[in-house]
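*Asks:*
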Amino acid sequence: MPQPEIIVVGLDAHTPIQKVLDAAIDRTRPDARELVLVSVSAGPEESVEMDEMDHDALRDAARMDARLVLERAEAHCRLRGVGPRLVVREGNPAVEIVTLAAEVGASLVVVGSRGRKGVVKTLLGSVSADVARRAPCSVLVVR
43 MPQPEIIVVG
53 LDAHTPIQKV
63 LDAAIDRTRP
73 DARELVLVSV
83 SAGPEESVEM
93 DEMDHDALRD
103 AARMDARLVL
113 ERAEAHCRLR
123 GVGPRLVVRE
133 GNPAVEIVTL
143 AAEVGASLVV
153 VGSRGRKGVV
163 KTLLGSVSAD
173 VARRAPCSVL
183 VVR
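With this note's numbering applied, the sequence shown corresponds to residues 43 to 185, in that order.
1. Excluding sequence positions up to five away, which residues of its chain have a Cβ less than 7 Å from the Cβ of V124?
2. Are the beta-carbon atoms belonging to V82 and G133 less than 8 Å from one another?
3. Does the segment 113-130 come close enough to the segment 51-63 that 3 or more CB-CB pairs lie under 8 Å?
4. Strictly by DSSP, which residues pair up with E116?
5. Just list the residues that DSSP pairs V137 with in beta bridges.
6. Confirm, please, whether the CB-CB distance from A177 to A143 is below 8 Å.
7. Just the Cα atoms here: how many angstroms apart are L166 and R69?
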């Protein structure tokens, strides 16, 4: 199997970050790898009634959380000899990960799975399953 040129890695605070990153790094050639780490902040729901300042504060907090996840991930990548590109997006995580993969021409997307089951999975959905259905390239789901 040829090694991917560009790998997009979707991360959040609930992702097994080290396992996901190791899986991505292990699938790259040292001379031709670009790792693009993305964390998507969902932000406040527009249907929830609150004033604009509250929306801004929640949005800023969500972005900060996403940034912190990426900083931890970047530190792990650097220990493995890889300097990743960091991207924070806002919106639906699956949609944003798939969109970024298309924008950068990724040959692989790597995401973690929380292992939700039953009713919880049905009600909340699965970002990893949604990414696997929509992505323009191969997807590796790490548990």
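We put the beta carbon where it would ideally sit given N, CA and C, even for glycine.
Keep in mind that this is a model prediction, so the values were computed, not measured.
*Replies:* This is what the structure holds:
1. I67, R75 and L77
2. yes
3. yes
4. Per DSSP, none; premise fails for E116.
5. Per DSSP, none; premise fails for V137.
6. yes
7. Note that L166 scores 44 on pLDDT, short of 50, meaning its location in the model is unreliable; the coordinates nonetheless yield the value given after this. Taking the straight line joining both Cα atoms gives about 30 Å.
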